[in-house]
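Residue numbers (this note's numbering): 38 to 301.
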């Protein structure tokens with residue numbers, strides 16, 4: 038019995054690992070594509086696209102002086118919101134673990150960009166797109182509110198689709214913690230190893246990111262358990278997850294990682 042339970046947890050952990058990293062990588066690409074669309078709209082030119090799954094993704098460009106830096110900086114998150122919303126709409130009828138890559142792309146687009154805007158506005162005096170937006174006149178509190186709303190919407194979408202991850206209302210906090218933290222661990226290890234080899238100056242920043250991610254997942258495991266006991270719409274039985282679902286997600290995420298590393 039214990040062996041079957043262990044195998045089942047391993048299977049769900051692999052599934053979560055595959056779909057969460059896959060959703061994150063695609064969401065990152067969508068974000069950078071949003072910047073590119075706005076740059077091209079203003080008649081600019083993309084000089085370099087650095088799309089990196091284990092480090093920073095950056096678009097370098099040149100634009101006419103008349104181009105709005107406000108819209109260029111916000112293009113990534115606006116396009117992420119649009120594509121994330123479309124992903125949720127497309128996946129509404131897919132009640133199978135095979136639909137999780139699409140769902141998690143939307144979840145990552147909302148949670149990831151929300152997280153980015155909140156901490157990008159309040160940490161290190163502002164960094165990335167939030168810093169550019171604040172330089173263009175956007176108040177920090179507005180970015181925090183905007184990011185917070187996106188983060189909450191992404192969390193609600195994740196909660197609604199927990200049954201597709203094989204997680205039901207009866208699953209304990211400990212079991213959820215193992216699946217969530219264990220699923221994201223391979224990605225976090227790759228982040229640290231990659232930056233230790235290629236950009237060790239950024240390790241302190243990524244260490245903060247890793248600690249925050251693990252804390253958020255453990256808190257998420259507690260909250261999903263707490264809410265599933267109290268909200269009727271979360272008390273749906275888990276969908277049966279097969280090994281083929283888990284390996285499909287893992288193979289697909291490895292394929293996307295390989296394409297990004299080789300191409301960019």
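Glycine included, each C-beta is placed from N, C-alpha and C at the ideal position. Since this is a predicted model, take the numbers as computed values, not measurements.
Helix, strand or coil, according to DSSP, for residue 276 in the structure here? Three-state result, residue 276: coil.
Residue span of the beta strand (DSSP E) that contains residue 99, given as start and end: Element bounds for residue 99: 95 to 99.
Roughly how many whole angstroms lie between the Cα atoms of residue 121 and residue 102? Rounded to the nearest whole angstrom, the CA to CA distance from residue 121 to residue 102 is 31 Å.
Please determine, among 158, 95, 99 and 168, the residue with the shortest C-alpha to C-alpha distance to residue 83. The shortest Cα separation from residue 83 among 158, 95, 99 and 168 belongs to 99.
From the DSSP output, in three-state form, read off residue 85 for me. Residue 85 falls in the strand class under three-state DSSP.
Simplified DSSP assignment, three categories, for residue 291: Note: residue 291 maps to helix in three-state DSSP.
Starting from the C-beta of residue 40, find all residues in its chain whose C-beta is less than 8 Å away, skip the five residues before and the five after it, and write them out in chain order. Note on residue 40: pLDDT 47, under 50, position unreliable in the model; the coordinate value appears next. Non-local C-beta neighbours of residue 40 in its own chain, meaning closer than 8 Å and more than five positions away in sequence, are absent.
From the DSSP output, in three-state form, read off residue 267 for me. If DSSP states are grouped into helix, strand and coil, residue 267 belongs with coil.
Quick check on residue 204: does DSSP put it in helix, strand or coil? Coil, per DSSP.
Could you please give the first and the last residue of the uninterrupted alpha helix (DSSP H) stretch that includes residue 120? For residue 120, the uninterrupted alpha helix (DSSP H) run begins and ends at 106 to 128, by DSSP.
Give the straight-line distance between the Cα atoms of residue 56 and residue 268, rounded to the nearest whole angstrom. Roughly 25 Å between the two C-alpha positions.
Expressed to the nearest angstrom, what Euclidean distance is found between the alpha-carbon atoms of residue 274 and residue 265? Taking the Cα positions, residue 274 is about 11 Å away from residue 265.
Between the Cα of residue 108 and the Cα atoms of 153, 175, 253 and 288, which residue gives the shortest distance? Selected option, being the one with the closest Cα: 175.
Please state if the CB of residue 254 and the CB of residue 218 are separated by a distance shorter than 7 Å. Against a cut-off of 7 Å, the Cβ pair of residue 254 and residue 218 comes out as a contact.
Evaluate the contact criterion for the region 64 to 75 versus the region 137 to 147: three or more CB pairs, one atom per stretch, below 8 Å. Short answer: they touch.
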